[in-house]
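Converting from the sequence shown to this note's numbering requires adding 102 to each position, the first position being numbered 1. Just so you know, even glycine gets a beta-carbon here, dropped at the ideal spot from N, CA and C. I have placed the structure first, in the form of structure tokens, so that the comments after it can refer back to it.
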Amino acid sequence: MSAQKRMKGRVPVAVLGATGAVGQTFIRLLQGHPLFEVTEVAASERSAGKRYRDAMNWHEGGVPDAVGDLTVRTCDPGAVGAKIVFSALDASVAGEVEQAFASAGAIVLSNARNHRMDPDVPLVIPEVNADHLAVIDVQRKNRGWEGAIITNANCASTTAAVALAPLHQAFGAREAVITTMQAVSGAGYPGVASLDILGSVIPYIGGEEEKIEREIAKMLGRLHGGHVVHAPLTISAHANRVPVEHGHTACISVRFEKPVTPEEAKEVLLAWRGQEVCWGLPSAPALPLVLRQEPDRPQARRDVYTGLGMSTVVGRVRSDPLMHLRLVALSHNTVRGAAGGSILNAEVLGRMGRLPGVAEGAW
Ligand code: NAP
């Protein structure tokens with residue numbers, strides 16, 4: 103039975119940072135969502151008090167009617183009443199604001215970097231590590247709050263982590279070199295100046311390589327006694343900004359515990375469906391990983407909306423003269439790598455009975 107048929111009413115949610123690039127993707131993806139209804143939007147003092155449709159340059163088609171007339175609020179638990187809060191806040195403010203909401207009893211689904219590496223905060227791509235959500239029990243005990251902060255990964259870490267997860271589970275990845283080509287929408291709006299990026303490749307994205315190097319080992323780690331033991335995987339990352347609108351591409355060379363052939367790797371990638379708790383949820387793609395066999399795929403222009411932007415597309419799986427394997431992965435940065443990933447995290451929490459007002463098994 104579909105989740106839509108089972109639900110009597112939708113659960114109210116708020117979007118913090120609703121005026122930004124990721125915030126707008128949240129609003130688009132949550133339009134007509136069968137389980138969640140956006141009842142509040144919030145952003146900075148610059149936007150607060152305006153009608154949502156007048157508060158920003160909108161980039162996602164038409165502003166949904168149901169949200170366009172909402173008044174933008176400040177990002178303060180006194181001003182926002184929803185107990186499920188999606189955060190697309192700038193990292194300069196996300197840390198404290200998200201803590202304030204969790205402390206006020208809200209479940210905060212964050213896209214910001216601030217809390218990702220906190221040992222008691224789960225960093226989750228649910229098909230890869232939904233079981234890590236159990237860490238919120240430790241978080242509540244440590245911090246003495248009723249709410250919780252759940253993070254999803256940096257958008258480029260997400261691309262590479264989904265491609266590596268099935269291979270790591272099957273063969274034990276130990277070292278990887280990851281070179282990314284990241285879309286301009288990954289820098290938010292207005293982001294990189296057009297005169298800097300058109301016709302160019304910028305070989306530096308501040309803080310990005312460090313995030314890729316540390317976040318993937320956490321997500322590929324295993325849960326032990328309520329804590330995540332990071333995977334013994336060392337990563338060397340190169341992050342580049344390229345003149346692509348949406349979609350981060352990652353070229354990955356990887357060494358495993360012992361040699362793996364391209365045929366063995368392809369068999370594993372083709373069979374992978376991710377953790378079962380995600381299956382059939384509204385935002386879960388039928389295939390979290392789509393393997394392309396053509397020699398020139400994936401390509402951002404052609405493949406970024408595979409699975410409505412929620413599938414990671416992998417191709418060019420071949421042997422590597424230095425490491426064991428090489429491959430290329432692509433995923434949509436503001437969908438799979440941000441808003442869509444957060445929404446799927448919330449859907450999984452609901453199915454687990456870990457969202458206020460949603461009984462376990464109801465979804
Ligand atoms: P963005 O376009 O710059 O949007 C930032 C949002 O934060 C806006 O809604 C802005 O509101 C709000 N904000 C800024 N300062 C604030 C303040 N002092 N108080 C309250 N709200 C404030 O950035 P983005 O690309 O959407 O990224 C949002 C978050 O997601 C960041 O933490 C980013 O690292 C992360 N992320 C982004 C991507 C991506 O592909 N873009 C992927 C994964 C994760 P105003 O409009 O009112 O200024």
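Point to revise | Whole-angstrom distance between residue 397 and residue 366, CA atom to CA atom | key: The residue you call residue 366 lines up with position 264 of the sequence shown. The residue you call residue 397 lines up with position 295 of the sequence shown. About 18 angstroms.
**Study point:** alpha helix (DSSP H) runs contained entirely in the region 174 to 231, provided each spans 4 or more residues
**Key:** 193 to 205, 228 to 231
Check your understanding: With burial defined as no fewer than 16 other Cβ atoms inside 10 Å of the residue's Cβ, what is the status of residue 217: buried or exposed?
Key -> Within the sequence shown, the letter at position 115 stands for residue 217. Its Cβ being crowded by 16 or more others within 10 Å, residue 217 is buried.
Review point. Is it buried or exposed for residue 151, if we count other Cβ within 10 angstroms and need 16 for buried?
Key: Counting from 1 along the sequence shown, the entry for residue 151 is found at position 49. With fewer than 16 other Cβ atoms within 10 Å, it is exposed.
Review point. Apart from the five residues on each side of it in sequence, which residues of its chain come closer than 8 angstroms, Cβ to Cβ, to residue 297?
Key: Against the sequence shown, residue 297 aligns to sequence position 195. Counting only Cβ-Cβ distances below 8 angstroms, and skipping sequence neighbours, we find nothing.
Practice item. Using a threshold of 9 angstroms, state whether the C-beta atoms of residue 454 and residue 437 are closer than that. Key: Here residue 454 refers to the residue found at position 352 when the sequence shown is read from its first residue. Here residue 437 refers to the residue found at position 335 when the sequence shown is read from its first residue. It is not a contact, given that the beta carbons lie outside the stated cut-off.
Review point. Taking only runs of the beta strand (DSSP E) that begin and end inside the region 242 to 301, which ones reach a length of at least 3 residues, in chain order?
Key: 250 to 253, 275 to 284
Check your understanding: In its own chain, which residues sit with a C-beta less than 7 angstroms from the C-beta of residue 370, not counting the 5 before and 5 after it?
Key -> Numbered from 1 along the sequence shown, position 268 holds the residue referred to as residue 370. Correct list, in chain order: 268, 269, 272.
Point to revise | Spatial distance of residue 427 from residue 306 (CA atoms) | key: Translated into the one-based positions of the sequence shown, residue 427 becomes position 325. Translated into the one-based positions of the sequence shown, residue 306 becomes position 204. Rounded to the nearest angstrom, the two C-alpha atoms are 26 angstroms apart.
Practice item. For residue 383, I'd like the list of residues in its chain whose CB is within less than 6 angstroms of its CB, leaving aside the five on either flank, ordered along the chain. Key: Counted from its first residue, the sequence shown places residue 383 at position 281. Closer than 6 angstroms at the Cβ level, and outside the excluded window around residue 383, lie 449.
Review point. Taking buried to mean at least 16 other C-beta atoms within 10 Å of its own C-beta, is residue 395 buried or exposed?
Key: Within the sequence shown, numbered from 1, the residue matching residue 395 stands at position 293. So residue 395 counts as exposed.
Check your understanding: Got a sec? Which residues, its chain only, sit under 8 angstroms from residue 186 by beta carbon, not counting five neighbours each side?
Key -> Within the sequence shown, residue 186 is the residue found at index 84, counting from 1. 113, 114, 115, 116, 138, 208, 209, 211, 448, 457, 458, listed in sequence order.
Practice item. Please state if the CB of residue 146 and the CB of residue 176 are separated by a distance shorter than 9 angstroms. Key: Within the sequence shown, the letter at position 74 stands for residue 176. Within the sequence shown, the letter at position 44 stands for residue 146. Yes, the Cβ-Cβ distance between residue 176 and residue 146 is below 9 angstroms.
Practice item. Determine, using beta carbons only, whether residue 181 and residue 189 come nearer to each other than 9 angstroms. Key: Along the sequence shown, one-based indexing puts residue 181 at 79. Along the sequence shown, one-based indexing puts residue 189 at 87. No, they are not a contact pair.
Check your understanding: Do the region 312 to 330 and the region 375 to 393 make contact, defined as three or more Cβ pairs closer than 8 angstroms?
Key -> no
Review point. Just how far apart, CA to CA, sit residue 248 and residue 242?
Key: For the purposes of this step, residue 248 is identified with residue 146 of the sequence shown, where counting begins at 1. For the purposes of this step, residue 242 is identified with residue 140 of the sequence shown, where counting begins at 1. If I take the Cα positions, the gap works out to 6 angstroms.
Check your understanding: Is it the case that the Cβ atoms of residue 143 and residue 174 are separated by a distance below 9 angstroms?
Key -> For this step, residue 143 is matched to residue 41 along the sequence shown. For this step, residue 174 is matched to residue 72 along the sequence shown. It is a contact, given that the beta carbons lie within the stated cut-off.
Point to revise | Coarse secondary structure for residue 114, derived from DSSP in three states | key: For the purposes of this step, residue 114 is taken as residue 12 along the sequence shown, with counting starting at 1. Looking at residue 114 - three-state DSSP - the assignment turns out to be strand.
**Study point:** Enclosing alpha helix (DSSP H) for residue 444 [first to last residue]
**Key:** For this step, residue 444 is matched to residue 342 along the sequence shown. Per DSSP, residue 444 belongs to the alpha helix (DSSP H) from 442 to 453.
Review point. Among 347, 288, 372, 409, which one has its Cα closest to the Cα of residue 403?
Key: The residue you call residue 403 lines up with position 301 of the sequence shown. Nearest C-alpha to residue 403: 347.
Check your understanding: Is residue 392 close to chain B, meaning its C-beta is less than 9 angstroms from at least one C-beta of that chain?
Key -> Here there is only one protein chain, and chain B is not present.
Review point. Roughly how many angstroms separate the alpha carbons of residue 257 and residue 452, rounded to a whole number?
Key: To locate residue 257, count along the sequence shown from 1; it is residue 155. To locate residue 452, count along the sequence shown from 1; it is residue 350. If you take the alpha carbons of residue 257 and residue 452, they lie about 23 angstroms apart.
Check your understanding: Just to confirm, are residue 220 and residue 251 a CB contact at a threshold of 9 angstroms?
Key -> Working through the sequence shown from its first residue, we reach residue 220 at position 118. Working through the sequence shown from its first residue, we reach residue 251 at position 149. Yes, the Cβ-Cβ distance between residue 220 and residue 251 is below 9 angstroms.
Review point. Closest by CA to residue 287, which one among 422, 372, 265, 126?
Key: Taking the sequence shown and counting its residues from 1, the one referred to as residue 287 is at position 185. Closest by alpha carbon: 126.
Review point. What is the rounded straight-line gap between the Cα of residue 111 and the Cα of residue 135?
Key: Residue mapping note: residue 111 aligns to position 9 of the sequence shown, counting from 1. Residue mapping note: residue 135 aligns to position 33 of the sequence shown, counting from 1. Near 11 angstroms, if we compare the C-alpha coordinates of residue 135 and residue 111.
Exercise for review: Apply the 10 Å Cβ neighbour rule to residue 165 and answer buried if 16 or more other Cβ atoms are within range, or exposed otherwise.
Suggested key: Within the sequence shown, numbered from 1, the residue matching residue 165 stands at position 63. Its Cβ being crowded by 16 or more others within 10 Å, residue 165 is buried.
Check your understanding: Closer than 8 angstroms: is that where the CB of residue 226 sits relative to any heavy atom of the ligand NAP?
Key -> By 1-based counting over the sequence shown, the position of residue 226 is 124. Not under cutoff, so the answer is no.
Check your understanding: By the 10 Å Cβ neighbour count, where 16 or more other Cβ atoms means buried, how is residue 237 classified, buried or exposed?
Key -> Here residue 237 corresponds to residue number 135 of the sequence shown, with the count starting at 1. Burial call: buried.
Check your understanding: Measuring from the CB of residue 171, is there a heavy atom of the ligand NAP at a distance below 8 angstroms?
Key -> As a first step, residue 171 must be located in the sequence shown, where it is residue number 69. No, the ligand NAP has no heavy atom inside 8 angstroms of this Cβ.
Check your understanding: Less than 8 angstroms between the CB of residue 454 and some heavy atom of the ligand NAP, yes or no?
Key -> As a working mapping, residue 454 is identified with position 352 in the sequence shown. No, the ligand NAP has no heavy atom inside 8 angstroms of this Cβ.
**Study point:** Length at least 3, wholly inside the region 398 to 432: the beta strand (DSSP E) runs in chain order
**Key:** 414 to 421
Check your understanding: Tell me the DSSP bridge mates of residue 391?
Key -> On the sequence shown, position 289 is the one that residue 391 refers to. BP columns for residue 391 point to 414.
Exercise for review: For the alpha helix (DSSP H) containing residue 370, list its first residue and its last residue.
Suggested key: For the purposes of this step, residue 370 is taken as residue 268 along the sequence shown, with counting starting at 1. 364 to 373 is the span of the alpha helix (DSSP H), which, as asked, contains residue 370.
Review point. Between residue 314 and residue 265, which are expected to be in contact by the criterion C-beta below 8 angstroms, what is the C-beta distance as a whole number of angstroms?
Key: Counted from its first residue, the sequence shown places residue 314 at position 212. Counted from its first residue, the sequence shown places residue 265 at position 163. At roughly 12 angstroms, the Cβ-Cβ gap does not stay under 8 angstroms, so residue 314 and residue 265 are not in contact.
Review point. What number of angstroms, rounded off, separates the C-alpha of residue 420 from the C-alpha of residue 159?
Key: Working through the sequence shown from its first residue, we reach residue 420 at position 318. Working through the sequence shown from its first residue, we reach residue 159 at position 57. Distance between the alpha carbons of residue 420 and residue 159 is about 43 angstroms.
Practice item. Please list the segments of the alpha helix (DSSP H) lying wholly inside the region 133 to 170, counting only runs of 4 or more residues, in order along the chain. Key: 167 to 170
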